[in-house]
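Notes follow the structure.
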Amino acid sequence: MYSTWKLNQLKEELKKRGASCSGRKADLVERLEAYDRNFNFTDKSYSPEPVQGEVMIIPKDDFYKDINSNTPLPPLNKHQIQEYFGEAVSINDFTYVKGFCKAAMRKTQYEVNIKLYKNGILEETNCECTAGSGVNSQCKHVATVLFGTVDMIEHKTIVLEEVSTQKLQSFNQPKKKYFSSPLKAQNLPYKRTEGNLNFHPYRGIINKDKYNERIRNLVLNCTGSTMPLRQLYKPANPYAVEWDHGSYSVSLKDKILKSLYLKNVTLEDIENIERDTRMQSQNENWYLHRKNRLTASNFHTICHLSVQNMPSFAKNIMSRRSVSTRATNHGKISEKVALKQYCDKYALDVKECGLFINKEKPYLGASPDGLLGNNTIIEVKCPYSTRYGSINPVNVPYLCLENGELQIKKTHPYYYQIQGQLFCTNREFCNLIIYTYKDLQVVYITKDECFIAEMVKKLDLFYKNYFEEAVLNKYLYKYYAEIIKP
1 MYSTWKLNQL KEELKKRGAS CSGRKADLVE RLEAYDRNFN FTDKSYSPEP
51 VQGEVMIIPK DDFYKDINSN TPLPPLNKHQ IQEYFGEAVS INDFTYVKGF
101 CKAAMRKTQY EVNIKLYKNG ILEETNCECT AGSGVNSQCK HVATVLFGTV
151 DMIEHKTIVL EEVSTQKLQS FNQPKKKYFS SPLKAQNLPY KRTEGNLNFH
201 PYRGIINKDK YNERIRNLVL NCTGSTMPLR QLYKPANPYA VEWDHGSYSV
251 SLKDKILKSL YLKNVTLEDI ENIERDTRMQ SQNENWYLHR KNRLTASNFH
301 TICHLSVQNM PSFAKNIMSR RSVSTRATNH GKISEKVALK QYCDKYALDV
351 KECGLFINKE KPYLGASPDG LLGNNTIIEV KCPYSTRYGS INPVNVPYLC
401 LENGELQIKK THPYYYQIQG QLFCTNREFC NLIIYTYKDL QVVYITKDEC
451 FIAEMVKKLD LFYKNYFEEA VLNKYLYKYY AEIIKP
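Using the UniProt record's numbering, read the sequence shown as starting at 1 and increasing by one per residue.
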């Protein structure tokens with residue numbers, strides 16, 4: 001019924017009953033239905049109207065006698081009680097029962113009167129509560145007395161005392177009060193242990209020979225701890241682990257290189273890495289995959305390193321950090337402007353890309369600034385020293401003129417970088433965009449197979465002799481040789 005009411009109507013009805021008006025509509029409907037079911041726990045300011053009609057005629061109190069299990073009563077049963085709450089009948093020869101029932105939520109006792117026919121049929125009932133007025137009371141107090149009467153008739157028992165839940169809890173109570181004073185240790189009761197009481201010689205608790213080794217293993221294996229005690233022990237020898245497991249079909253070295261995608265990569269791996277590293281310098285994955293590879297921006301330096309400097313440079317690549325200078329910041333800001341002007345000027349669509357790695361040599365990687373079609377890469381350069389000037393071989397030193405067209409010098413690091421990008425992306429052409437605030441020029445570069453072959457040969461030697469060792473030293477050997485060095 002209440003579900004069809006509006007919210008204001010529900011709140012008004014609850015106010016009349018002195019109930020809370022907070023909550024959603026469903027809460028208000030449920031609250032009203034609960035109040036309808038339990039009139040006696042509502043506020044005194046609201047009470048249901050007493051039932052109007054006939055008044056039950058009850059004998060005088062002098063005629064009543066206390067009942068017990070031997071008192072003859074009509075054969076009332078639970079089925080007849082249920083029938084009574086469905087309808088009422090009127091027959092002669094009656095038995096009257098009077099009982100008292102306590103309210104559920106108050107310290108109130110209600111008098112209940114029951115009129116029974118000799119065959120156990122309920123004729124009339126009456127209760128002192130508001131809902132029990134009249135001769136056909138159907139309140140819960142009447143039901144309680146009726147079921148109590150049935151229990152007495154059927155089981156010959158009657159409750160004359162309070163039930164356990166009406167009393168204070170009796171569990172967890174001491175059986176008797178304890179009165180005593182503290183005992184001295186020597187006076188405490190004890191049981192003598194059975195068996196051999198000869199303590200000599202003492203049983204060995206620890207193995208003295210292996211005690212130091214056990215403590216060392218406990219300290220070193222507690223990897224989450226930074227306690228200074230760990231600094232007293234040398235780390236475990238990772239080379240010994242490799243020697244002990246040398247019979248495996250796949251060596252630990254190969255497992256490390258495979259996990260870093262430096263060996264045996266698939267086309268799916270290459271595509272996933274390129275897709276996951278887009279946005280480049282704004283993507284953490286780009287830094288993650290670059291740091292373990294030789295990238296195109298370092299190809300010129302690697303090809304011109306002296307043998308003495310190769311080990312240190314390999315280590316520096318593993319620990320390189322992004323450098324922020326005025327020139328690099330200018331390049332990052334101007335790159336997007338240059339690409340937009342280039343696309344608008346030539347009506348082209350340049351797509352972004354991530355890090356490309358070569359399938360045959362996955363330790364080589366390159367990140368062009370964009371892709372054009374299926375066979376061309378885009379590289380953008382924004383020279384900081386010439387940002388306000390025009391673009392020509394005088395202002396931009398890495399440019400030269402060949403047959404009247406701008407070209408990049410083959411000895412410059414940018415040429416190594418672009419040829420490395422063409423090799424890693426497996427494309428044929430590069431459009432080099434050179435941008436200043438005053439000018440924008442495009443240099444068209446073709447893949448140089450001979451140049452790439454010589455360059456890759458030097459890169460392979462550097463990787464196999466120095467860089468792979470630096471990678472394994474970091475991820476497999478954990479710089480063990482440097483740590484134990486005296």
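Glycine is no exception: its CB is placed at the ideal position from the N, C-alpha and C atoms.
Beta-bridge partners of residue i, as assigned by DSSP
i, result
"I434", "K381 and Q441"
"N136", "T125"
"S401", "Per the sequence presented here, residue 401 reads as Leu, with Ser not at that position. Looking at the DSSP assignment, L401 forms a beta bridge with L406."
"G294", "Correcting the residue type first, residue 294 is Leu in the shown sequence and not Gly. Its beta-bridge partners are L364."
"K351", "L371"
"T376", "L372 and F429"
"F356", "A366"
Proximity of residue i and residue j at Cβ, strictly below 9 Å
i, j, result
"T446", "Y388", "no"
"L7", "L32", "no"
"G331", "K263", "no"
"L146", "L73", "no"
"L252", "T295", "no"
"I256", "L472", "yes"
"A417", "F313", "For the record, residue 417 in the displayed sequence is Gln; it is not Ala. Going by C-beta atoms, Q417 is not nearer than 9 Å to F313."
"I114", "T71", "no"
"Q407", "V443", "yes"
"Y261", "I391", "no"
"L372", "E352", "no"
"I377", "R427", "yes"
"E128", "V135", "no"
"K361", "V456", "yes"
"C303", "K458", "yes"
As assigned by DSSP and simplified to three states, the class of residue i
i, result
"E111", "strand"
"A103", "coil"
"F85", "Because F85 sits at a pLDDT of 47, beneath the cut-off of 50, its placement in the model cannot be relied upon, and the following sentence gives the value as read from the coordinates. Note: F85 maps to coil in three-state DSSP."
"Y388", "coil"
"residue 488", "The structure shown does not extend to residue 488, since the chain spans only 1 to 486, so no value can be given for it."
"K176", "coil"
"K253", "helix"
"K11", "helix"
"F94", "strand"
"T446", "strand"
"S3", "helix"
"N70", "coil"
"C424", "helix"
"R17", "coil"
"K65", "coil"
"H412", "coil"
"Y46", "Any answer about Y46 is weak, because its pLDDT of 44 lies below 50 and its placement is not dependable; what the coordinates show is given next. It is coil, neither helix nor strand."
"K263", "coil"
"N40", "Caution applies to N40, whose pLDDT of 36 falls short of 50 and renders its modelled position unreliable; the value that the coordinates give is listed next. Three-state result, N40: helix."
"S181", "coil"
"V51", "Low per-residue confidence applies at V51: pLDDT is 48, beneath 50, and the placement is therefore not dependable, though the value from the model is reported in the following sentence. Three-state DSSP puts V51 in coil, outside helix and strand."
"M279", "coil"
"K191", "coil"
"L76", "coil"
"F171", "coil"
"N465", "helix"
"V396", "coil"
The beta strand (DSSP E) enclosing residue i, as first and last residue numbers
i, result
"A327", "Element bounds for A327: not the beta strand (DSSP E) but the alpha helix (DSSP H), R326 to Y346."
"residue 487", "Residue coverage of the chain in this structure runs from 1 to 486, which leaves residue 487 outside it and unanswerable."
Nearest neighbour of residue i, chosen from the options [CA to CA]
i, options, result
"K118", "V112, K458, Y96 and S133", "Y96"
"D369", "S322, K359 and L422", "L422"
"K102", "A143, P383 and K65", "A143"
"Y35", "M56, D62, K336 and Y2", "Y2"
"R326", "Q341, I377, S385 and E268", "S385"
"G404", "L339, P393, P397 and Y414", "P393"
"D93", "H141, I121, S297 and I67", "I121"
"S137", "I153, D62 and Y110", "Y110"
"N375", "A338, C424, K336 and E13", "C424"
"K258", "Y414, E213 and H289", "H289"
N-terminal and C-terminal residue of the alpha helix (DSSP H) that residue i is part of
i, result
"D276", "L267 to D276"
"D460", "E449 to F462"
"F313", "M310 to M318"
"I57", "Premise fails: I57 is in no alpha helix (DSSP H) and is neither H nor E."
"Y211", "K208 to N221"
"R31", "K25 to R37"
"T226", "Segment: none, T226 is in no alpha helix (DSSP H) and carries neither H nor E."
"V471", "E468 to Y475"
"F299", "F299 to C303"
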